[in-house]
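Novice:
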Amino acid sequence: MRGEEIELKGTEFQIKVWMELMKIPTGETRSYKEVAEAIGHPNSSRAVANACASNPHPVIIPCHRVIRSDGGLGGYSGGGGMETKLGLLNSEGES
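Counting in this note's numbering, the sequence shown runs from 560 upward without gaps.
1. Using the C-alpha atoms, what's the distance from S650 back to R627?
2. Looking at A608: is its Cβ nearer than 8 Å to the Cβ of F572?
3. Under the rule that 16 or more other beta-carbon atoms within 10 Å means buried, what is P601, buried or exposed?
4. Check whether the region 634-648 touches the region 590-600, counting contact only when three or more Cβ pairs, one atom from each stretch, lie closer than 8 Å.
5. Does the Cβ of G633 have 16 or more other Cβ atoms within 10 Å, making it buried, or fewer, making it exposed?
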């Protein structure tokens, strides 16, 4: 999908989160807290998690790369649930 534009429909906050997620390199993860800090809302980890859950384009907007601060996987709203999230992370070199 590189080079193609996708239409993002959501709140201003959700779109900020989704844009930040697209900056996470393949093979790396960020915590919900790190994403919140990166978009200038350091106390909004739960809101980041909610934005991930509302992701209209899983994989393209790589919400699977966002994990809990304690290293736990957190949730995944894409098809296949947590099994898919773990599979995507493993295929990218993260676990």
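Even for Gly, the Cβ is constructed at its ideal location relative to N, Cα and C.
Computed from a predicted structure; not experimentally measured.
Specialist: On the basis of the supplied data:
1. Cα-Cα distance, rounded: 19 Å.
2. Their beta carbons are not under 8 Å apart, which means A608 does not touch F572 by this criterion.
3. Exposed.
4. A contact is defined here as three or more CB-CB pairs under 8 Å, and the region 634-648 fails this definition with respect to the region 590-600.
5. Taking all protein chains shown into account, G633 has 16 or more neighbouring C-beta atoms within 10 Å of its C-beta and is therefore buried.
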